[in-house]
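**Student:** Please see the structure below; I have some questions.
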Amino acid sequence: MDDPYEDRVMPVDQTIPAHPLEAGLMSDQGSFQPPVVDFYSILNVSRTASNSELQDAFNKLSQIFHPDHQTDAELKETAESKFRIIKRAFDVLSNPQLRSTYDKHGEEGLDSKFDVGHKITTPQEQLEEYARLARETQDMTLENLVRSRNNIVVHVDASNVFHHYEMPASLRGGNIKQKSQTETVMDSLGRTKIMQLFMKNTFETRIGNRTNIVLGGSMSSSSGTGSGSVMGTLRHTFSDKISMELGASLLNPTASIIKGNYNIDPLTFVSAVAELKSSYGPAPLVLTVGRTLVRGTTGYVTYRTGEWALGSWGRAFEDRDQFSSMTMGLRSSNENEHYQAEVQAGVVQSRISLDRTWTLDESTRVRVGLGYSSLAGAVGSIGGDRQVTEYTRLGLAAEVGLGGVAFNFKVTRLGQSVTVPILLSTEFDPKIAFWATVAPVSALTALDLGYIKPKRRRERAQKLQELRKVHADFIASQRREAEEAITLLRESTLRKTKLEQDKDGLVIIEATYGNLSAGLVADVTIAVQALVNNSQLAMPGGHSKNHVLGFYDPCLGEKKQLRIRYEFQKKLHEVVVADMAAVVAPVREHIVNP
Numbered sequence: 178m179d180d181p182y183e184d185r186v187m188p189v190d191q192t193i194p195a196h197p198l199e200a201g202l203m204s205d206q207g208s209f210q211p212p213v214v215d216f217y218s219i220l221n222v223s224r225t226a227s228n229s230e231l232q233d234a235f236n237k238l239s240q241i242f243h244p245d246h247q248t249d250a251e252l253k254e255t256a257e258s259k260f261r262i263i264k265r266a267f268d269v270l271s272n273p274q275l276r277s278t279y280d281k282h283g284e285e286g287l288d289s290k291f292d293v294g295h296k297i298t299t300p301q302e303q304l305e306e307y308a309r310l311a312r313e314t315q316d317m318t319l320e321n322l323v324r325s326r327n328n329i330v331v332h333v334d335a336s337n338v339f340h341h342y343e344m345p346a347s348l349r350g351g352n353i354k355q356k357s358q359t360e361t362v363m364d365s366l367g368r369t370k371i372m373q374l375f376m377k378n379t380f381e382t383r384i385g386n387r388t389n390i391v392l393g394g395s396m397s398s399s400s401g402t403g404s405g406s407v408m409g410t411l412r413h414t415f416s417d418k419i420s421m422e423l424g425a426s427l428l429n430p431t432a433s434i435i436k437g438n439y440n441i442d443p444l445t446f447v448s449a450v451a452e453l454k455s456s457y458g459p460a461p462l463v464l465t466v467g468r469t470l471v472r473g474t475t476g477y478v479t480y481r482t483g484e485w486a487l488g489s490w491g492r493a494f495e496d497r498d499q500f501s502s503m504t505m506g507l508r509s510s511n512e513n514e515h516y517q518a519e520v521q522a523g524v525v526q527s528r529i530s531l532d533r534t535w536t537l538d539e540s541t542r543v544r545v546g547l548g549y550s551s552l553a554g555a556v557g558s559i560g561g562d563r564q565v566t567e568y569t570r571l572g573l574a575a576e577v578g579l580g581g582v583a584f585n586f587k588v589t590r591l592g593q594s595v596t597v598p599i600l601l602s603t604e605f606d607p608k609i610a611f612w613a614t615v616a617p618v619s620a621l622t623a624l625d626l627g628y629i630k631p632k633r634r635r636e637r638a639q640k641l642q643e644l645r646k647v648h649a650d651f652i653a654s655q656r657r658e659a660e661e662a663i664t665l666l667r668e669s670t671l672r673k674t675k676l677e678q679d680k681d682g683l684v685i686i687e688a689t690y691g692n693l694s695a696g697l698v699a700d701v702t703i704a705v706q707a708l709v710n711n712s713q714l715a716m717p718g719g720h721s722k723n724h725v726l727g728f729y730d731p732c733l734g735e736k737k738q739l740r741i742r743y744e745f746q747k748k749l750h751e752v753v754v755a756d757m758a759a760v761v762a763p764v765r766e767h768i769v770n771p
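Sequential numbering of the sequence shown, starting at 178, is according to my numbering.
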């Protein structure tokens with residue numbers, strides 16, 4: 178369990194984010210890879226379909242695509258290939274064990290190339306084995322990307338930059354009059370000082386199925402003096418309930434750390450940390466108890482002993498550097514936001530804090546924090562970060578309080594980070610506070626509008642051109658297979674259309690799917706009409722991938738819409754939806770998604 182008190186100057190992802198271009202295209206119903214077959218869309222059922230619904234769907238499709246129902250030799254061959262896919266989808270989804278595996282791992286999970294052993298017989302054992310294989314593959318793929326961590330922090334004092342500087346009289350030559358000189362920007366920036374430089378690097382490797390070792394080093398330099406240490410940590414997981422860490426520094430000053438975690442149940446945990454820096458007193462302890470209250474939300478209580486004495490063993494109260502405190506906190510996170518609230522009561526300092534992070538889109542996050550402590554008074558912070566390249570994020574933040582104004586700049590890339598906290602003022606200054614707060618928003622907005630979005634538009638246009646060329650043969654193949662399916666559907670669909678016309682029901686006049694503005698569309702009129710039953714159009718989604726039912730994607734990676742012109746009760750209507758899968762609401766009372 179991570180320490181809930183880890184400083185969160187800027188929200189940081191531990192996972193590798195998607196490239197902005199890829200995320201943008203995929204959010205527009207695009208994909209860089211040819212679509213895969215979806216067994217549920219093949220049968221035109223929802224993912225929660227019962228066995229009886231699967232059987233009904235299979236029977237309806239069999240009446241159209243079964244080879245025995247075709248007399249023409251060419252159509253019979255086409256029907257055989259289509260029915261083979263339909264039969265495969267039904268065989269998998271009607272088998273509880275195969276369906277469970279398919280839902281979890283897709284069609285590749287059904288591949289016999291997965292060596293799961295002969296002793297695995299239950300669905301749960303099979304799923305666990307597939308998950309293990311997937312984890313091992315992912316670990317090997319990301320080994321060189323995420324195991325090494327490097328952090329650089331440069332503390333800068335720029336408080337003198339924003340104050341007028343006047344040369345002392347002793348340096349001006351006593352009573353000798355000097356010509357006034359206008360101070361330049363470079364003169365002001367020259368008064369910037371680096372207060373401290375900190376660097377830390379860690380490398381983690383696995384030495385057993387449940388054991389990891391972490392080697393790291395750190396150095397710090399301040400006012401011309403420096404120090405450093407090398408730390409080794411051994412992490413071992415005994416079971417799903419218990420894990421331990423043992424760490425020790427190899428250079429002076431020596432320190433040892435012992436950390437243990439115990440999961441009382443799936444919702445409750447206990448952790449303890451002991452840090453021994455000397456033998457002059459008992460080790461300070463940090464004890465935390467936490468519990469998941471609702472999905473995604475955890476409450477916790479932490480007690481820090483600080484430095485303490487056991488009889489005559491330990492420092493006197495007035496000589497201690499660390500003091501006891503009790504903290505209660507609550508943190509919650511989901512896909513779009515994260516918040517954390519804490520209340521701490523301590524011997525020396527008490528505080529209350531609240532921060533919240535919003536995910537605005539696939540690349541941008543904004544964080545706002547408020548706090549009050551008995552020592553520093555009120556403090557507020559605002560910041561955000563933006564994904565600027567495939568694996569790089571840029572973050573800016575400002576912190577304003579009665580004790581001063583600071584600005585924070587941070588760049589992260591694949592576990593590497595550079596953070597530059599800049600002290601702008603040692604006291605509260607409204608003007609500096611205003612610009613320090615406006616600067617992050619203005620800089621990120623300018624970066625987004627002036628560079629990132631134009632660059633993404635250019636890359637997207639170029640990528641679309643490449644996709645059209647690369648997948649031209651694939652799209653043509655999918656189109657041919659869809660046209661073959663439409664040929665098989667045509668006769669039964671015409672009969673269905675006649676029945677709907679006779680009762681003034683739902684008749685599809687025209688249906689087109691694709692990039693309507695660019696004219697890259699597929700005629701899916703017959704395919705859509707084939708899905709009409711009793712004057713209702715049922716489309717669970719995913720049909721853009723389903724050439725078996727007469728659908729195909731005419732423009733891979735591009736934004737698509739589905740336009741349907743239809744007649745119902747002798748009245749003409751037209752509806753345009755963002756995508757096949759977007760027909761998830763009753764756009765009309767007779768166009769529904771089960």
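Built from N, CA and C at the ideal position, the CB exists for glycine as well.
So what's V647 in DSSP terms, helix, strand or just coil?
**Tutor:** The residue you call residue 647 lines up with position 470 of the sequence shown. Three-state DSSP puts V647 in a helix.
**Student:** Ignore the nearest five residues each way along the sequence and tell me which others in S357's own chain have a CB closer than 7 Å to its CB.
**Tutor:** The residue given as residue 357 occupies position 180 in the sequence shown. With a pLDDT of only 46 at S357, under 50, the local geometry of the prediction cannot be trusted, and the value read off the model is given with reservation. Cβ neighbours of S357 beyond the five flanking positions: none.
**Student:** Quick one: which unbroken beta strand (DSSP E) runs of 3-plus residues sit fully inside the segment 677-761? Chain order, please.
**Tutor:** As far as the segment 677-761 is concerned, its whole beta strand (DSSP E) runs of at least 3 residues are 684-692, 697-700, 713-715, 738-745 and 748-754.
**Student:** Let's test the definition: count the other Cβ atoms within 10 Å of the Cβ of Q655 and tell me whether it reaches 16, buried, or not, exposed.
**Tutor:** For the purposes of this step, residue 655 is identified with residue 478 of the sequence shown, where counting begins at 1. Classification for Q655: buried.
**Student:** Are there three or more Cβ pairs, one per stretch, closer than 8 Å when the segment 582-601 is compared with the segment 327-337?
**Tutor:** Judged by Cβ distances under 8 Å, the segment 582-601 makes contact with the segment 327-337, as three or more pairs qualify.
**Student:** Do I559 and A583 have their CB atoms nearer than 8 Å?
**Tutor:** Counted from its first residue, the sequence shown places residue 559 at position 382. Counted from its first residue, the sequence shown places residue 583 at position 406. No, these two residues do not count as a Cβ contact at 8 Å.
**Student:** Kindly indicate the opening and closing residues of the beta strand (DSSP E) around D606.
**Tutor:** Indexing the sequence shown from 1 puts residue 606 at position 429. D606 -> no beta strand (DSSP E), and no H or E assigned at all.
**Student:** Is there contact here, the segment 732-744 with the segment 684-704, by at least three beta-carbon pairs under 8 Å?
**Tutor:** Short answer: they touch.
**Student:** Rounded to whole angstroms, what is the Cα-Cα separation between I441 and Q564?
**Tutor:** Stepping through the sequence shown from its first residue, residue 441 is reached at position 264. Stepping through the sequence shown from its first residue, residue 564 is reached at position 387. Approximately 38 Å, taken between the alpha carbons.
**Student:** In the structure shown, what three-state DSSP assignment does D215 receive?
**Tutor:** Against the sequence shown, residue 215 aligns to sequence position 38. D215 falls in the coil class under three-state DSSP.
**Student:** Would the segment 500-520 count as touching the segment 528-540 if we require 3 or more Cβ pairs under 8 Å?
**Tutor:** Touching, yes, given that three or more Cβ pairs across the two stretches are closer than 8 Å.
**Student:** Using the Cβ count rule (16 or more neighbours within 10 Å means buried), how would you classify L366?
**Tutor:** Taking the sequence shown and counting its residues from 1, one reaches residue 366 at position 189. Per the 10 Å Cβ criterion, exposed.
**Student:** State the Cα-Cα distance for the pair Q191 and E567, rounded to the nearest angstrom.
**Tutor:** Numbered from its first residue, the sequence shown carries residue 191 at position 14. Numbered from its first residue, the sequence shown carries residue 567 at position 390. Only weak support is given to the placement of Q191: the predicted model assigns it a pLDDT of 33, under 50, and the question is left unresolved by the model.
**Student:** Just to check my reading of the structure: G467 and F446 have Cβ atoms closer than 8 Å, yes? What is that Cβ distance to the nearest angstrom?
**Tutor:** Within the sequence shown, the letter at position 290 stands for residue 467. Within the sequence shown, the letter at position 269 stands for residue 446. Going by Cβ atoms, the distance from G467 to F446 rounds to 5 Å, so yes, they are a contact pair.
**Student:** Taking the C-alpha atoms as reference points, what is the distance between E660 and Q746?
**Tutor:** Here residue 660 refers to the residue found at position 483 when the sequence shown is read from its first residue. Here residue 746 refers to the residue found at position 569 when the sequence shown is read from its first residue. Going by the C-alpha atoms only, they are around 30 Å apart.
**Student:** Are there 16 or more other CB atoms within 10 angstroms of the CB of D215, so buried, or fewer, so exposed?
**Tutor:** As a first step, residue 215 is located in the sequence shown; it is residue number 38 there, counting from the start. Buried: at least 16 other Cβ atoms inside 10 Å.
**Student:** Candidates V407, L444, Y480 and L487: which alpha carbon is nearest V471's?
**Tutor:** What you label residue 471 is simply residue 294 of the sequence shown in a count that begins at 1. Taking only the C-alpha atoms, the option nearest V471 is L444.
**Student:** Decide if N429 is buried, meaning its Cβ has at least 16 other Cβ atoms within 10 Å, or exposed.
**Tutor:** One-based indexing of the sequence shown puts residue 429 at position 252. N429 comes out exposed.
**Student:** In the DSSP output, which residue or residues are listed as bridge partners for H515?
**Tutor:** Within the sequence shown, numbered from 1, the residue matching residue 515 stands at position 338. Answer is S510 and T534, bridged to H515.
**Student:** Can you pull the DSSP bridge partners for N585?
**Tutor:** If you number the sequence shown from 1, residue 585 lands on position 408. Its beta-bridge partners are A574 and P598.
**Student:** Beta carbon of R492, beta carbon of Y457: below 8 Å?
**Tutor:** Walking along the sequence shown from the start, residue 492 turns up at place 315. Walking along the sequence shown from the start, residue 457 turns up at place 280. Yes, they are a contact pair.
**Student:** Indicate the three-state DSSP secondary structure (helix, strand or coil) for G437 in the structure shown.
**Tutor:** Your numbering for residue 437 matches position 260 in the sequence shown. The answer is strand: DSSP assigns G437 an E or B state.
**Student:** Report the rounded CA-to-CA distance for N221 versus R481, giving the unit in angstroms.
**Tutor:** The count along the sequence shown starts at 1 and reaches residue 221 at position 44. The count along the sequence shown starts at 1 and reaches residue 481 at position 304. Between N221 and R481, the C-alpha separation is close to 59 Å.
**Student:** Relative to the C-alpha of M372, which candidate in S336, G483 and V463 has its C-alpha closest?
**Tutor:** Here residue 372 is taken as the residue at index 195 of the sequence shown, counted from 1. It is S336.
**Student:** Would you call K608 buried or exposed, if buried means 16 or more other Cβ atoms sit within 10 Å of its Cβ?
**Tutor:** On the sequence shown, position 431 is the one that residue 608 refers to. K608 is exposed by the Cβ-count criterion.
**Student:** Pick out whichever of Q642, V725, E643 and V753 has its Cα sitting closest to the Cα of L693.
**Tutor:** On the sequence shown, position 516 is the one that residue 693 refers to. Measuring from the Cα of L693, the nearest candidate turns out to be V753.
**Student:** Roughly how many angstroms lie between the CA atoms of D574 and G561, to the nearest whole one?
**Tutor:** On the sequence shown, position 397 is the one that residue 574 refers to. On the sequence shown, position 384 is the one that residue 561 refers to. It should be noted that the sequence gives Ala, not Asp, for residue 574. Taking the straight line from one Cα to the other gives about 6 Å.
**Student:** Alpha carbon to alpha carbon, what distance is there between S433 and V524?
**Tutor:** For this step, residue 524 is matched to residue 347 along the sequence shown. For this step, residue 433 is matched to residue 256 along the sequence shown. About 25 Å.
**Student:** With distance defined between alpha-carbon atoms, name the residue in Q232, S227, S229 and R261 nearest to H243.
**Tutor:** Here residue 243 is taken as the residue at index 66 of the sequence shown, counted from 1. Selected option, being the one with the closest Cα: R261.
**Student:** If you run the structure through DSSP and keep just helix, strand and coil, what is M203?
**Tutor:** For this step, residue 203 is matched to residue 26 along the sequence shown. Note that M203 scores a pLDDT of 37, beneath 50, so its modelled location is shaky and nothing firm can be said.
**Student:** How about V450 and V463: are their beta carbons less than 8 Å apart?
**Tutor:** One-based indexing of the sequence shown puts residue 450 at position 273. One-based indexing of the sequence shown puts residue 463 at position 286. For V450 and V463, yes; Cβs fall inside 8 Å.
**Student:** Where DSSP assigns a beta bridge to T504, which residues make up the other side?
**Tutor:** As a first step, residue 504 must be located in the sequence shown, where it is residue number 327. For T504, which the question treats as bridged, DSSP gives the partners T479 and Q521.
**Student:** Rounded to the nearest angstrom, how far is the Cβ of G548 from that of R528, given a contact under 8 Å?
**Tutor:** By 1-based counting over the sequence shown, the position of residue 548 is 371. By 1-based counting over the sequence shown, the position of residue 528 is 351. G548 to R528, Cβ: 6 Å. Contact.
**Student:** How would you write the range of the alpha helix (DSSP H) that Q274 sits in, first residue to last?
**Tutor:** Sequence index remark: in the sequence shown, residue 274 carries index 97 (1-based). From DSSP, the alpha helix (DSSP H) with Q274 extends over P273 to H282.
**Student:** Which of the three DSSP states, helix, strand or coil, is assigned to G424?
**Tutor:** Residue 424 sits at position 247 when you count from the first residue of the sequence shown. Reduced to three states, the DSSP call for G424 is strand.
**Student:** Rounded to whole angstroms, what is the Cα-Cα separation between T603 and V333?
**Tutor:** Translated into the one-based positions of the sequence shown, residue 603 becomes position 426. Translated into the one-based positions of the sequence shown, residue 333 becomes position 156. Roughly 12 Å between the two C-alpha positions.
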